[in-house]
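Data first, discussion second: the structure below is written as structure tokens.
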Amino acid sequence: MSIRTVATTPFNDQKPGTSGLRKKVSAFQVANYLENFVQSIFDTIAAPAGSTLVVGGDGRYYNREAIQVILKIAAANGFGKVLVGQGGILSTPAASCVIRKYQTYGGIILSASHNPGGPDGDFGIKYNTANGGPAPEKITDAIFARSKSLEHYRMVDAPDVALDQQGSFSLGGMAVEVIDAVADYADLMESLFDFTAIRTLLSGGFRLSFDAMHAVTGPYAKEIIEQRLGAPAGTVINGVPLPDFGQGHPDPNLTYAHELVEIMYGDHAPDFGAASDGDGDRNMILGRHFFVNPSDSLALIAANAALTPGYAKGLAGVARSMPTSGAADRVAAKLGIPCYETPTGWKFFGNLMDAGKVTLCGEESFGTGSDHVREKDGLWAVLFWLNILAKRGQSVEDIVHQHWAEYGRNVYSRHDYEGLPSDAAEGLMAHLKSQFASLPGRRFGNYQVKLFDDFSYTDPIDGSVSTGQGLRVIFEDGSRIVFRLSGTGTEGATLRIYLEAFESDAARQRMDAQEALSGLIAIAHELSQLKARTGREQPTVIT
Ligand code: G1P
Ligand code: ZN
């Protein structure tokens, strides 16, 4: 089998963002674009000859073509074996699970997460290290640096590998093992949660609906929820992964998961509803006519962890991203365990989990997970909730209300302004930053500014410093407004405004979040000159 060394010219835009390199499909289809990036990964990680790699993706458009390219470049770069999910499918948490279970050198995950797919949609690629987690910044920075000087890539000349059938194949001397994409992950879930209790719950008239949004979790949810847990067929809706996600936007929130929202807010709604995103790492949890804020979900999972076999032995600590509400901090304080505050993005949790400092972690962006893998995990959160519901025998709404009554409620919302012109968004952030010195001490009605800064984080394990992680306005009473620009978009800019206030008075805790936060929302608009700078007043998505 011949190895070709192909001359190429570097691209200057292959900088990985919050979660890998994400671009329009058309960008990845430019000659050598994918090849260059993959070679840059391999040059950077310098895996010893004969190493094993995991490759899989969320099934979106260009997944299959990209996998063939990656396999041929891996074979030419001395890998001994690649494990590929059948059909080229591996959800992000399943890829993490497989990397860890088979102790591979690392893995490549093809996904643009919750971004739309199809020929006009998005594609993405990221490298995960041997711990199963996204490569830390020092590696992604090195990959980017390498991509800017790359002059050649190596590739074997060979026919495509058949991905739809499990089995072992040889590609230029490298073994390609096409594995069951679901089994290892499903076994891991069964080891963590009380499947017997959940089965009993489901056979007792409890009804649920899981929306896979035509994305990767369809086969996982059918195997786990319908097969292993015995929920009736049809419990999983939109369960067939499609390259364009059925033209939907596979982001499990109240705007984009509207089919599930209609079911859960309709007549005869089931007891429990959940959805997951394009690559299966996000989750949305709903009760009957009730939305569980993801920040609350993390806190509730932490508070009820003892009800699950996998976490009954106790939690080492919890971690949340900076914009995520402080609800988890209150649970951690009560449990007497530490709570870490990290920048946005799952990669910051890896070191804490590897060092045994945290068991559970989460983000306000519908991400929850634990040290069972090194990615956030959508179905894991759904099963955690089902385990809690099976043990407590109460409704989702009652469990959340009881939690607020015990800990107080961190009233929380995120407002996203999508598709802004980049210069308007950057101008808005610059305008905010010009107020660093003048804002502290200023009073807005009942709110007095205590602190205004740009969040930076020093990793407690390796000492690495990440700056520029979001502007936080913290008020004397602990309320907060955070401004950040998204690092995962591929078009224009997305401004995220995160709002949080604490409510200890049980009589006021059930208030609508937008109403309770209206004062902070007005301050956010004023400070950022939102309308004048962007022409917008209404967010694209409210969480
Ligand atoms: C978004 C979320 C962030 C999450 C990331 C990947 O990033 O806000 O919490 O880790 O997607 O799923 P952002 O677009 O805000 O940079
Ligand atoms: Zn995702």
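Every position in the sequence shown, counted from 1, becomes a number in my numbering once 426 is added.
By construction, the Cβ of each residue, glycine as well, lies at the ideal position given by its N, Cα and C atoms.
Being a predicted model, the structure only gives us computed values, none of them experimental.
Relative to the ligand G1P, the beta carbon of GLY559 is positioned no closer than 7 Å to any heavy atom. Distances from the alpha-carbon of ASP755 to those of VAL899, PHE774, GLU789 put GLU789 closest. ASP938 and PHE716 have their C-alpha atoms some 12 Å from each other. Residue range 720–729 is occupied by the alpha helix (DSSP H) that includes ALA729, with no beta strand (DSSP E) assigned at that position. Cβ-Cβ separation between SER905 and PHE928: approximately 7 Å, consistent with a contact (criterion under 8 Å). Taking the Cα of ILE763 as reference, the smallest distance to any Cα among THR750, ALA729, ALA584, ASP780 is reached at ALA729.
Between GLN895 and PHE909, the CB-CB gap reaches or exceeds 8 Å.
It is roughly 41 Å from the alpha-carbon of PHE595 to the alpha-carbon of SER912. Under the three-state reduction of DSSP output, GLY889 falls in the coil class, being neither helix nor strand. Unbroken beta strand (DSSP E) stretches of 3 residues or longer found wholly inside the region 662–704: 698–702, given in chain order.
Relative to the ligand ZN, the nearest heavy atom lies less than 7 Å away from the CB of ASP707. At least 8 Å separates the beta-carbon of TYR646 from that of ALA683.
By the criterion of a C-beta distance shorter than 8 Å, LEU953 is surrounded in its chain by LEU858, GLN861, LEU865, VAL899, ILE907, once the five residues flanking it on both sides are discounted.
Distances taken from the Cβ of ASP703 to the heavy atoms of the ligand ZN include one shorter than 7 Å. Distances between the C-beta of THR431 and the heavy atoms of the ligand ZN are all 7 Å or more. Using a Cβ distance threshold of 8 Å, LEU726 and HIS798 do not count as a contacting pair. Per DSSP, the continuous beta strand (DSSP E) segment holding THR478 begins and ends at 478–483. Shown here for TYR487: same chain residues with a beta carbon closer than 8 Å to its own, the five before and five after excluded, namely VAL451, GLY543, GLY544, PRO545, GLY547, PHE549, PRO669, ASP670 in chain order. In the same chain as SER839, and ignoring 5 residues on each side of it, the C-beta atoms closer than 7 Å to its own belong to LEU925, ALA939, GLN940, LEU943, ILE968, THR969, in chain order. Not one heavy atom of the ligand G1P sits closer than 7 Å to the Cβ of SER751.
Inclusion of VAL587 and VAL602 in the CB contact set at 8 Å is warranted, their separation being smaller than that value. Beta bridge pairing from DSSP links LEU497 with no other residue. Under DSSP, HIS841 shares a beta bridge with ILE923, ILE968.
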